[in-house]
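Report on the structure given below.
There are 2 protein chains.
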Amino acid sequence: MTAHGTPTDQAPHPRPVDADEPWMRGLHADTGYLLYRLGLRSGQLFNAALQESGLRLRHYALLRYLATVEGAPQRDLSERLGYDPSAIVGLVDDLERLHLVERRPAPADRRRRIVVLAEAGRTYLRDTDEASHRVTDELTGPLSEEERETLHALLLRVAQTDRG
Amino acid sequence: MTAHGTPTDQAPHPRPVDADEPWMRGLHADTGYLLYRLGLRSGQLFNAALQESGLRLRHYALLRYLATVEGAPQRDLSERLGYDPSAIVGLVDDLERLHLVERRPAPADRRRRIVVLAEAGRTYLRDTDEASHRVTDELTGPLSEEERETLHALLLRVAQTDRG
DNA sequence: GACCAATCGTTGTCGACGTCAATGGTTGTC
DNA sequence: GACAACCATTGACGTCGACAACGATTGGTC
Chain A
3 MTAHGTPTDQ APHPRPVDAD EPWMRGLHAD TGYLLYRLGL RSGQLFNAAL QESGLRLRHY
63 ALLRYLATVE GAPQRDLSER LGYDPSAIVG LVDDLERLHL VERRPAPADR RRRIVVLAEA
123 GRTYLRDTDE ASHRVTDELT GPLSEEERET LHALLLRVAQ TDRG
Chain B
3 MTAHGTPTDQ APHPRPVDAD EPWMRGLHAD TGYLLYRLGL RSGQLFNAAL QESGLRLRHY
63 ALLRYLATVE GAPQRDLSER LGYDPSAIVG LVDDLERLHL VERRPAPADR RRRIVVLAEA
123 GRTYLRDTDE ASHRVTDELT GPLSEEERET LHALLLRVAQ TDRG
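Have a look at this one:
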């Protein structure tokens, strides 16, 4: 077993939160705490859905980013995804082991290693797209279509200025 | 050092996410992933804000719940907050060490230990209320007051059916 | 042309966290 | 009075994020 874990690790069981009680006024009054809570749950759901395919949310995010850029050095992956460079190493290791991704030497800089999406990786993304949507549907279940779009837009704006 | 850590642990540095780029259409298209991301960030901000007072988000959540019920056995804390019973032990240990909380024997059932908010705990909640609001303000910075309320309402509804 | 700071990927470490099994003490039940 | 169920607690294990340190490589500077 490598130090960074394997993509076949099982996802932890989610622990449901009872948020329908009067006491919650004191706890969930904070939007920040709500975000924290739902973020945990979202990660759990994503990992559970991805588990059958042998990957986790972080791998998936990396793959989806790669699908938009056609090759990036690990340094870029670190900055864009917000993961530590050392974390990228393990993720790329896992993905490369599954032949979803490939490390290529950068022609101009031998320090860099360009990570490119392999054909199997592209297929994987196509196949798991439906599962991804299913998770989002489960999360935003109680909301109407219009409300989901509103929520998404608001979260996006919060994320945009979410730096420094 | 105990096995469950101490309330004086330092909070990790947040790693900002660059979400203002075209590639993000492929990644942040998922509301679920957005929630996951913002949840992480929210937790980091909360822990950083609480750090000066020597506690972490989980302690804070426990305190705020206690403020609404006037005493609860640890079993209830576990179910209501969604933490494992073994996690509650450590949290209450920390809070009791700071005299913010008190363990009392349950009169009818000597297995149970009722955790009640001490006077210092109440004072602590009052004092840190402003810091909590500051975090939420920082998170929802780019939103107008009306949008914040919309976001909060939507998140609350998502959280309410967030069970099982 | 040789130092030298900066950069990149990598490894190892540490603390926080979630989960689970096992235990001692206690309760209620048959 | 035996026995299953419950409560708090302890311990073990694995994941995860953040960070320091290192070898290899680069680019700038004298």
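If you read the protein sequences in the order shown, they are chains A and B. Offset between the first sequence (1-based) and our numbering: plus 2. Offset between the second sequence (1-based) and our numbering: plus 2. Backbone N, C-alpha and C fix where the C-beta goes; we use that ideal spot for every residue, glycine too. Just so you know, these numbers come straight off a predicted model, no measurement behind them.
Cβ-based burial, residue i [other Cβ within 10 Å; buried from 16]
i      : result
B/D139 : exposed
A/D32  : buried
B/S146 : exposed
A/R113 : exposed
B/S44  : buried
B/G34  : buried
B/A51  : buried
A/S134 : buried
B/G41  : buried
B/R58  : buried
B/A155 : exposed
B/A161 : buried
A/A74  : buried
Local conformation of residue i per DSSP, three classes
i      : result
A/L59  : helix
A/E148 : helix
B/E54  : coil
B/G34  : helix
A/T142 : coil
Cutoff 7 Å; reference residue i; Cβ partners in own chain excluding five residues on either side
i      : result
A/H101 : A120 and A122
A/H61  : P9, L93, D96 and L97
B/L83  : A63, L64 and Y67
Residues near residue i by beta carbon distance below 6 Å, same chain, minus five either side
i      : result
B/Y85  : none
A/Q12  : Since pLDDT at A/Q12 reaches only 35, below the 50 mark, its modelled position is unreliable, and the value read off the structure follows with that caveat. If we look at A/Q12 and ignore the five residues flanking it on each side, it has no Cβ neighbours.
B/Y126 : L102
B/V137 : L47, F48 and A51
Spatial neighbours of residue i in its chain, beta-carbon cut-off 8 Å, leaving aside the 5 residues before and after
i      : result
B/L153 : T142 and L145
A/T110 : Thr is not the amino acid found at residue 110 of chain A; the sequence shown has Ala there. Once the five neighbours on either side are set aside, A/A110 has no close Cβ partner at all.
heavy atom of the ligand SAH below 8 Å from residue i C-beta
i     : result
B/P75 : This structure simply doesn't include the ligand SAH, nor any ligand for that matter.
message = My parser needs the beta strand (DSSP E) runs of 3 or more residues fully inside the stretch 64-135 of chain B; what are they?
response = 103-107 and 115-119
Under 8 Å (Cβ pairs) to chain A, residues found in the stretch 36-68 of chain B = L36, L37, Y38, R39, L40, G41, L42, R43, S44, G45, L47, F48, L59, A63, R66 and Y67
message = By the 8 Å beta-carbon criterion, what residues does the stretch 140-162 of chain B contribute toward chain A?
response = L141, T142, G143, P144, L145, E149, R150, T152, L153, H154, L156, L157, L158, R159, V160, A161 and Q162
key: Residues from the stretch 116-139 of chain A in contact with chain B, defined by Cβ distance under 7 Å   = S134, V137 and T138
key: Positions along the stretch 88-115 of chain A whose CB lies within less than 9 Å of some CB in chain B   = none
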